[in-house]
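Structure, as structure tokens:
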């Protein structure tokens, strides 16, 4: 499918298409739509976020309706539909976390960084987002950094330590 000329007008590189094809090889031909999450993850890894153009390119490559790809990308917190900071901090705001000060943790992170919910700091270092259940209700409030690192029992002091530590990291 990499030779499909409709893909040449997309924002996807030949290397990206090759990675898509490796994912597609894992599924029967009539079930290639099953690779949609992997393709979204590949685009995000390579471009930092999933643009509408990328969604359309994925849809074309998987023979899906573009809206079906968009439904997946908007359902999960792990897909960024716009550029985010170097560190994306998701704060769980689902009910169990709310009962253990999840909203307060979100507000504190935003105040500390000087951004609104969903905002990115002016230096591009941090984006703060609310998140749905992260599966760690007993550890609330919880934060997820870059969709990979779970931080539990996040008091204001622990939030300060986390953010100050991330600021101190050099590339």
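Numbering (the working numbering), first residue to last: 2 to 172.
Think of the CB as a built atom: it goes at the ideal place given N, C-alpha and C, for glycine as much as any other residue.
Per DSSP, the continuous alpha helix (DSSP H) segment holding residue 98 begins and ends at 96-100. Contact annotation, residue 114 with residue 164: C-beta distance approximately 7 angstroms; criterion of less than 8 angstroms satisfied. Annotation for residue 37: 59, 63, 65, 69, 70 and 73 place their beta carbon closer than 8 angstroms to its own, counting only its chain and skipping 5 residues before and after. Within the same chain, and ignoring the five residues on either side of residue 34 in sequence, the residues whose Cβ sits closer than 7 angstroms to its Cβ are 63 and 65. The Cβ atoms of residue 129 and residue 143 lie no closer than 8 angstroms to each other. Per DSSP, the beta-bridge partners of residue 132 are 93. Residue 140 and residue 91 have their C-alpha atoms roughly 15 angstroms apart. Between the alpha carbons of residue 54 and residue 43 lies a distance of about 14 angstroms.
In the three-state scheme derived from DSSP, where H, G and I count as helix and E and B as strand, residue 50 is classed as coil. When C-alpha distances from residue 120 are compared across 153, 39, 148 and 84, the shortest belongs to 84. Within the same chain, Cβ atoms closer than 8 angstroms to the Cβ of residue 152 are found at 143, 144, 145, 146, 159 and 163, the five residues on either side in sequence being excluded. Residue nearest to residue 136 within the set 17, 150 and 45 is 150 (criterion: CA-CA distance).
Per DSSP, the unbroken beta strand (DSSP E) holding residue 144 starts and ends at 144-146. Under the 10 Å beta carbon count, residue 51 is surrounded by 16 or more other beta carbons and is classified as buried. Excluding its 5 nearest sequence neighbours in each direction, residue 125 has C-beta neighbours in its own chain below 6 angstroms: 86, listed in chain order. When DSSP states are grouped into helix, strand and coil, residue 122 belongs to the coil group.
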